[in-house]
Structures are given as structure tokens and as C-alpha cells.
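Q: Can you read through this structure? Questions will come right after.
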Amino acid sequence: METDKAAGPLFSKLPFVQTMRWLFWLALTISLWLTDHFLLPVLGPELWRVLLALGLVNGVTTWLCRRCPGWRGWGVAGLLFDILALTLVVAFSGGVMNPVASLYLFPLLIAALTCRARVAWLLVAVATACYLSLFRWYRPLTADGHPHQGAGEPLFNLHLVGMWLTFGLSAVLITAAVSWLIRRLADKERQLRQAYQNQQQQERFLLLGMESASVAHQLSTPLNNLFLLAEELEQEPALSAEGKAHLDTLQRQLLLCRDVLWQLKHRAEAPAGPVWLFDSLRGYLARWNNLRPDVHCQWYDEGLRQDYRVWLDEPFWAALLNILDNAADAGENRVELYTTVIDGRLLDIGIHNRQGHLSEEQLRRAGLNQQESAKPAGLGMGVWLAHATFSRLDGSLTLRNHAEGGVYARIRLPLRLAGEGSPCPVSTGGADAAFSAGG
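Taking the UniProt record's numbering, the leading residue of the sequence shown gets 1, the next gets one more, and so forth.
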């Protein structure tokens, strides 16, 4: 067999296959013994050798499966040997006239349950060809020392051909039906896992939203108190010039905090509408610069000459600024931003910081789970939220180590154009215009 993902979700393990193969060997042996004792003497030396060889192969494959469980080809090889062994058994005991030939369906059913579809169909073809070969190569059954009569009659031959056609049709129908059911079960299981992951993600979003609302509410009271204290200090006649300068700085920072809390509430309540993409990006970068004046962000527009009026949800901007924050923290307050629109429909954003390095494990898990964030690489709650946000918007976020050093984040997002009107010119200027978000 091959991999669990390609097989059925319930029967894809090798122990199940080996157990079924032992049951097949037991059923074949018992049926031949009963036939030999109560109907016709069919158990000759050849059949005993075939049964012993089949039992020996079962034992060897069982031992190999336990010793090398990673390679699942033993199961397929065992099922193939079962079909060949059954062909020899039927050939030495009457050929197609032997009803034991119906046991061909057993390994085919196991293959349909446990193997990839192409492997199951291959075994169906092998079994059908083996069954067909029994019309020519077989040892006739005898009763009381006389060959079984009727084998040469046209009607009886027609009956045997009908048995072969019935077997072929049954094998095809069973394999097709079981393979389809197994694929449906695997798809349902995959959908359930995805739904469970989405539900967990939604619960984490809800929890973060509630925590954010609580924090904003808790900050409003001490912020108002600080405003009152600043006003009282401003009235102090003995305040020195240096103290007044510090007080002015304090008031500006308090106003900035108040604006951030107000924007948080305003963005949550504001209805969504179409915006000019790069004009809005310039505004968000300017506001981000007010929050982080020590950061220098170099923006390259990759030769863009026009803006695009698009529908963009507010979470997109929050996620983008989250990645910029991570990049600035990791890159010692220096970030390079690259923007491109592909075919007028796909936004491609690159964010490069030239510090830090991500391990293979971090790259593999980036965005899928919250990780310990130790600068200069980043990868905390912000990256997880950004990854989830871009995924909800049918976009993607990928991280990789840049060849020139540092970490490169790439964001790709399908654009929903607001209309086909005249494009708005981009005011950045040249092919590699730079937006400086700080000194």
C-alpha cells in the first residue's frame, strides 16, 4: 500500500490488510478441505504446496510489515500473491468450473478499501486476466475416476463465459463503488477537520476581539485621568521651561493614544466602501509613521503609473500594519516595502527586513500557530492574526529567508475592483519611488 492519505480513513493500516489476508488463506484452505472430504478429491500435492507457499508468504509479509511499517508496498505485494495463488488453486481443481473462483472478489475488496484507486484497478485487471486464463489452462475435475461431463457442451461453455463476465462486472462495480465511498469518506473527514480548524480560529478571533474591547475600555479611564493631570500641571506657575516642553510632549502622546482608541472604535463601526488602493496605503503609512517616528520605511512601487479603486476590508490594513510592525522590530527600524499589481487583479506586496533568520521549523509553522516571539525574527500573535486575515480574504502570506539576509514576507491578495472608470494617477513619481516613513 502507499500512504494513509490516499487510502480509506478506516482501513488504511497494514495490520488490517494482513489480518484479512490470513482470513482469506483460512477460508481458502477450509473450503478446499471440505470439498475434498465431502464432494470431490481435489487436494493433491500441488494444492498443498500452493497453500503452504501462500501461508509462508503471509508469514513473511506480516514480519516485514512489523519490521518496516513505513513502506506499505508489502500489502499490495501480498494481495497480488493472493490472486496468483488462487489462480493456481483453481487451475489444479477444475478451472472455471470450480466455485472457489468467486474468492477472487475478496482480495479485490480489500484492495478497494485500502489502496489507491489506480492500484485497486490494476489488481482488478490482473484478477480478470487470471480468471480468463483458467478457460485454457486447468486440470479437469474427476468424479468416480471419470472426467466431469459437460465441459465441452456449447451451452455449458456459454454458462462458463457468463460466469467470467459476471465476475468481471462484479469486480468493476465493487471496486468502483468502494473506491468512491472511500474517497467520499476521506473528503468528509478532511472537510470536518477544516471546519474544526475554522471554528477554533473563529473562537480565537472572538476572544481577541473581546479582550481588545475590554482593554480599550480599561485604558479610557486612566487616559482621561492623565489628561486632567496634564491640564493641572499646565496651570502650575512654577513650571520651568524644560518642564513645559516635557509636558507638551506628554500631551501630544496622550492625544495620540486617544486618537488610536478613537480610530479603533471608528473603524469597527464605519461601513466598508471602495478606496483608492495606493492613496489609502500612503495614508496608512503616514499614520503608522506618527506612531513609530523612529522607523524608516522605503516604499518601491515597481513602476506603477496608476491607482486602483478597490473594495478592501478594514482587517486588511490592520494585518498589513501588523506585518510592518514585525518587520520593523526585526529589522532595527528599517523596512523595505514593494508593491505590484499583476494583470490589474492581483495585489503583490513584499516586506523585507534585513535582520534575523527563521529556522525551517519556524518557516513551516509560520502563521499556522502562535509561536514564541523573540526578536529579531518576530513570529508571534501578529503574524498568526495576519495569516488568518489574509486567508479569510482569499489571499496568502508566505515567509522566507532572503538571499541577501533577513526575512522576506510576501502578501498576495485578489483585488475586487470597484468599477471600470478612469484610473487615478499615482503621485509617487518614478519607477522606484520611495516613501520615507521616518528619518
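All residues carry an ideal CB built from backbone N, CA and C; glycine is no exception.
If you're wondering where the values come from, they're calculated on a predicted model, not measured in any experiment.
Determine the extent of the beta strand (DSSP E) in which residue 41 is found, giving its start and end residues.
A: Locating residue 41 in the sequence shown gives position 41, where the first residue counts as 1. Where residue 41 is concerned, there is no enclosing beta strand (DSSP E), given that its DSSP letter is neither H nor E.
Q: Just list the alpha helix (DSSP H) runs in the stretch 313-339, keeping only unbroken ones of 4 residues or longer that don't cross its boundaries, in chain order.
A: Entirely contained in the stretch 313-339, the alpha helix (DSSP H) runs reaching 4 residues are, in chain order, 314-330.
Q: Report the partner residues of residue 275 according to the DSSP bridge assignment.
A: For the purposes of this step, residue 275 is taken as the residue at position 275 of the sequence shown. Answer is 310.
Q: Can you check whether the C-beta of residue 80 is within less than 9 Å of a C-beta belonging to chain B?
A: Of the protein chains in this structure there is only one, and it is not chain B.
Q: Return the first residue and the last residue of the alpha helix (DSSP H) that residue 82 is part of.
A: Residue numbering aside, residue 82 sits at position 82 when the sequence shown is read from its first letter. Unbroken alpha helix (DSSP H) run through residue 82: 73-91.
Q: Taking all protein chains shown into account, do 16 or more other C-beta atoms lie within 10 angstroms of the C-beta of residue 17, making it buried, or fewer, making it exposed?
A: Position 17 of the sequence shown holds residue 17. Buried, because 16 or more other Cβ atoms sit within 10 Å of the Cβ of residue 17.
Q: Which of the three DSSP states, helix, strand or coil, is assigned to residue 99?
A: Here residue 99 is taken as the residue at index 99 of the sequence shown, counted from 1. If DSSP states are grouped into helix, strand and coil, residue 99 belongs with the helices.
Q: In angstroms, rounded to a whole number, what distance separates the CA positions of residue 41 and residue 95?
A: Taking the first residue of the sequence shown as position 1, residue 41 is located at position 41. Taking the first residue of the sequence shown as position 1, residue 95 is located at position 95. Computed Cα separation, rounded: 15 Å.
Q: Is it buried or exposed for residue 387, if we count other Cβ within 10 angstroms and need 16 for buried?
A: Against the sequence shown, residue 387 aligns to sequence position 387. Buried is the call here.
Q: Are residue 221 and residue 281 touching if we call contact CB-CB under 9 Å?
A: Counted from its first residue, the sequence shown places residue 221 at position 221. Counted from its first residue, the sequence shown places residue 281 at position 281. No, the Cβ-Cβ distance between residue 221 and residue 281 is not below 9 Å.
Q: Tell me where the alpha helix (DSSP H) around residue 122 begins and ends.
A: Against the sequence shown, residue 122 aligns to sequence position 122. Counting along the chain, the alpha helix (DSSP H) containing residue 122 begins and ends at 117-133.
Q: Return helix, strand or coil for residue 414, following the three-state DSSP convention.
A: Looking up residue 414 in the sequence shown gives position 414. Three-state result, residue 414: strand.
Q: Can you round the beta-carbon distance between residue 101 and residue 138 to whole angstroms, since I take them to be within the 8 Å contact cut?
A: Here residue 101 is taken as the residue at index 101 of the sequence shown, counted from 1. Here residue 138 is taken as the residue at index 138 of the sequence shown, counted from 1. In fact, because the Cβ distance is near 10 Å, the residues do not count as touching under 8 Å.
Q: Go through the stretch 223-271 residue by residue and report every complete run of the alpha helix (DSSP H) that reaches 4 residues or more, in order.
A: Listed in chain order, the complete alpha helix (DSSP H) runs (minimum 4 residues) inside the stretch 223-271 are 241-269.
Q: Let me confirm a value: residue 422 is counted as buried when at least 16 other C-beta atoms fall within 10 Å, else exposed. Which label applies?
A: Numbered from 1 along the sequence shown, position 422 holds the residue referred to as residue 422. Its pLDDT being 41, under 50, residue 422 is placed unreliably by the model, and nothing is read from it.
Q: When the Cα atoms are used, what is the spatial distance from residue 36 to residue 189?
A: Start at 1 with the first residue of the sequence shown, and residue 36 comes out as number 36. Start at 1 with the first residue of the sequence shown, and residue 189 comes out as number 189. Going by the C-alpha atoms only, they are around 47 Å apart.
Q: If you draw a straight line from the alpha carbon of residue 319 to that of residue 287, how long is it in whole angstroms?
A: For this step, residue 319 is matched to residue 319 along the sequence shown. For this step, residue 287 is matched to residue 287 along the sequence shown. Approximately 15 Å, taken between the alpha carbons.
Q: Near residue 248, what residues of its chain come up, given a Cβ to Cβ distance below 8 Å and the 5 sequence neighbours on each side ignored?
A: As a first step, residue 248 is located in the sequence shown; it is residue number 248 there, counting from the start. Once the five neighbours on either side are set aside, residue 248 has no close Cβ partner at all.
Q: One question on the structure: do residue 291 and residue 260 come within less than 9 Å of each other, judged by their Cβ atoms?
A: On the sequence shown, residue 291 is found 291 positions in, with the first residue counted as 1. On the sequence shown, residue 260 is found 260 positions in, with the first residue counted as 1. Yes, the pair counts as a contact, with Cβ atoms nearer than the cut-off.
Q: In terms of residues, what are the limits of the alpha helix (DSSP H) holding residue 113?
A: Reading the sequence shown from its first residue, position 113 is the one you call residue 113. 105-114 is the extent of the alpha helix (DSSP H) around residue 113.
Q: DSSP state of residue 393, grouped into three classes?
A: For the purposes of this step, residue 393 is taken as residue 393 along the sequence shown, with counting starting at 1. Coil.
Q: Among the candidates 299, 289 and 231, whose CA atom is the shortest distance from the CA of residue 278?
A: Translated into the one-based positions of the sequence shown, residue 278 becomes position 278. Comparing Cα-Cα distances from residue 278 to each of 299, 289 and 231, the minimum goes to 299.
Q: Buried or exposed, going by whether 16 or more other CB atoms sit within 10 Å of the CB of residue 192?
A: To locate residue 192, count along the sequence shown from 1; it is residue 192. So residue 192 counts as exposed.
Q: Less than 8 Å between the CB atoms is what I'm expecting for residue 310 and residue 415, so what's the real figure, rounded?
A: Residue 310 sits at position 310 when you count from the first residue of the sequence shown. Residue 415 sits at position 415 when you count from the first residue of the sequence shown. With 8 Å as the limit, residue 310 and residue 415 qualify as a contact, their Cβ atoms being about 5 Å apart.
Q: Rounded to whole angstroms, what's the CA-CA distance from residue 108 to residue 120? Just pull it up for me.
A: Walking along the sequence shown from the start, residue 108 turns up at place 108. Walking along the sequence shown from the start, residue 120 turns up at place 120. Near 7 Å, if we compare the C-alpha coordinates of residue 120 and residue 108.
Q: Return the residue from the list 126, 38, 67 and 110 that minimises the CA-CA distance to residue 87.
A: Residue mapping note: residue 87 aligns to position 87 of the sequence shown, counting from 1. Checking every option, the nearest Cα to that of residue 87 belongs to 126.
Q: Compare the C-alpha of residue 178 against each of 196, 110 and 413 and name the closest.
A: Along the sequence shown, read from residue 1 onward, the residue named residue 178 stands at position 178. Of 196, 110 and 413, the residue nearest in Cα terms is 110.
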